[in-house]
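Since the structure comes first, as structure tokens, the remarks are kept for the end.
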Amino acid sequence: MSMLDYRICFAINAHIVHAYWQREFIEVGYNDNIALELANHEIELTYKALNESETISENPKAELYHDILA
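Written as structure tokens, this is what we have:
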């Protein structure tokens with residue numbers, strides 16, 4: 187997979203996860219704006235966990251991951 191393909195897949199997956207969280211928050215009763223903010227917060231927590239992961243930081247292929255999030 188090329189770097190461009192990987193970036194596109196990463197962005198699509200992040201969008202899907204974000205949309206899923208937003209939909210879940212709306213279904214439990216939050217309005218659209220609050221659901222959006224909560225979904226943003228959840229994806230930030232996910233990225234933070236990935237950034238702090240030793241598995242990722244020790245993997246030579248993770249340079250691409252860090253490049254995407256930089």
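Start counting the sequence shown at 187; every next residue gets the next number (my numbering).
C-beta atoms are modelled at their ideal positions from N, C-alpha and C, and glycine is treated no differently.
Note to self: Between which two residues does the alpha helix (DSSP H) holding Asn237 run?
What the structure shows: First-last of the alpha helix (DSSP H) with Asn237: Asp218 to Glu238.
Item checked: Inter-residue Cα distance where the pair is Phe196 and Asn219 -> Answer to the nearest angstrom: the Cα atoms are 25 Å apart.
Margin query: On a Cα-Cα basis, can you pick out the residue from Met189, Leu224 and Asn217 that is closest to Val203?
Written below: Taking Val203 as reference, the option from Met189, Leu224 and Asn217 with the minimal CA-CA separation is Leu224.
Notebook entry, point to check: Helix or strand or just coil, what does DSSP make of Asn199?
Noted result: In the three-state reduction of the DSSP assignment, Asn199 falls in the helix class.
Margin query: Checking 8 Å against the spacing of the C-beta atoms, do Ala200 and Ile212 come in under that value?
Written below: No, the Cβ-Cβ distance between Ala200 and Ile212 is not below 8 Å.
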